[in-house]
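Asker: Right, I'll just put the structure down here and ask away after.
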Ligand code: PMP
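Residue numbers (the working numbering): 282 to 687.
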């Protein structure tokens with residue numbers, strides 16, 4: 282066999298000119314292992330996917346059990362598949378009324394597409410309002426929602442009538458009017474570098490959408506499924522969206538997404554014309570079984586209850602002159618660094634020190650931290666020591682320290 286790196290760099294399409302490029306042979310809990318035996322603490326969870334760690338035994342067991350019965354049959358809501366039924370039942374328990382109807386898809390972008398289509402069909406309007414520095418996916422509809430011109434420019438024409446407002450700015454809500462089909466908003470902005478808004482903001486947003494007959498669509502693809510310490514992040518802000526969008530952590534490590542709405546809203550895609558949204562693999566039985574097992578683990582291991590303590594521990598340990606601030610909503614965190622720090626250099630240094638961290642799409646002064654929610658107290662110490670050591674190497678104090686004491 283040819284060298285794997287050669288195949289990776291030459292035969293696999295690259296998404297950037299500078300991929301991390303390490304090979305992973307095995308992953309277990311919060312650790313990744315290279316074929317050379319290097320152990321890497323995963324502080325990004327495949328970007329908020331492996332919320333209960335890698336290969337949790339309960340999830341592995343559930344997938345194996347389902348594998349013994351069947352894999353793909355037919356989705357499209359035509360056939361009764363018990364992994365989907367059980368998952369829908371469990372999800373419904375987490376959802377406030379009237380959110381009671383679930384459409385499973387394969388990914389976050391696809392779920393956003395479905396939600397947008399419903400909004401256009403239900404309201405017969407086409408103006409969509411989103412936030413500056415938002416991220417909702419890479420398909421052409423989802424890409425149209427972004428404000429970042431660098432990402433959109435070369436793919437025009439995209440969807441028309443997309444307006445951008447400032448996330449968290451109450452005055453900007455005045456643009457919502459009777460021509461607005463929907464507002465699509467992340468409850469906690471991820472790629473903007475972990476940005477939160479106030480409870481009052483979300484309540485005013487809810488009010489403004491209801492008053493104008495616009496649908497409020499919340500994107501919890503990154504911040505949902507326990508990431509913030511609430512099963513759904515919107516539960517901390519006292520409002521209920523019209524459509525909730527989920528993916529990433531939802532699949533427990535397998536591909537799964539969903540858009541969730543009250544039945545009367547969801548029905549708009551089942552008639553006139555029927556098959557308003559269809560997807561060959563959405564709600565795949567293996568993914569559904571993994572998702573249900575993930576939910577069971579989150580409940581059985583009291584994972585949400587421990588998140589405030591873990592968040593506080595990270596924040597108390599991440600103290601260094603080069604760290605300007607740590608923004609955190611549960612275990613969705615951004616470490617903002619002083620101006621002149623190269624984030625890509627810091628990411629590489631952390632990796633050398635056995636810690637996998639990442640950068641954000643729209644926040645070039647911050648480091649992304651989104652560990653598995655199962656990370657232990659000891660592992661948080663290891664993680665923070667690795668980051669601090671990398672910062673000391675960067676500012677030159679680490680080698681001085683060693684000269685002094687060796
Ligand atoms: N919305 C948000 C908030 C996301 O973080 C992502 C993925 N980074 C998406 C949508 C798109 O999800 P996917 O990559 O599964 O299409």
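Don't be surprised by glycine CBs; every beta carbon is placed ideally from N, CA and C.
None of the values given here were measured: they were computed from a predicted structure.
Starting from residue 500 and walking both ways along the alpha helix (DSSP H), at which residues does that stretch end?
Answerer: It is not in any alpha helix (DSSP H) - residue 500 instead sits in the beta strand (DSSP E) that spans 496-500.
Asker: DSSP on residue 531, reduced to helix/strand/coil?
Answerer: Helix.
Asker: DSSP on residue 596, reduced to helix/strand/coil?
Answerer: helix
Asker: If you run the structure through DSSP and keep just helix, strand and coil, what is residue 628?
Answerer: helix
Asker: Would you check if the distance between the CB atom of residue 530 and the CB atom of residue 563 is smaller than 8 Å?
Answerer: no
Asker: Over what stretch of residues does the beta strand (DSSP E) that includes residue 412 continue unbroken?
Answerer: 408-412
Asker: With a threshold of 16 other CB atoms inside 10 Å of the CB of residue 575, please say whether the residue is buried or exposed.
Answerer: With 16 or more other Cβ atoms within 10 Å, it is buried.
Asker: Can you tell which of 334, 481, 359 has its C-alpha closest to the C-alpha of residue 559?
Answerer: 359
Asker: I need the straight-line Cα distance from residue 439 to residue 421, nearest angstrom please.
Answerer: 7 Å
Asker: Could you tell me which of 561, 667, 380, 291 sits nearest to residue 545, measuring between CA atoms?
Answerer: 380
Asker: Using the three-state DSSP reduction, which class does residue 483 fall into: helix, strand or coil?
Answerer: helix
Asker: Looking only at C-alpha atoms, which of 462, 399, 633, 372 sits nearest to residue 303?
Answerer: 633
Asker: Please confirm whether residue 512 and residue 375 have their CB atoms less than 8 Å apart.
Answerer: Residue 512 places its beta carbon less than 8 Å from that of residue 375.
Asker: Here's a check: name, in chain order, each residue in its chain whose Cβ is nearer than 7 Å to the Cβ of residue 676, leaving out the five neighbours to either side.
Answerer: 603
Asker: Out of 671, 661, 680, 673, point me to the one whose CA is closest to residue 311's CA.
Answerer: 661
Asker: Would you call the CB atoms of residue 611 and residue 477 closer than 8 Å?
Answerer: no
Asker: I'd like to know whether the C-beta atoms of residue 466 and residue 456 end up nearer to each other than 8 Å.
Answerer: no
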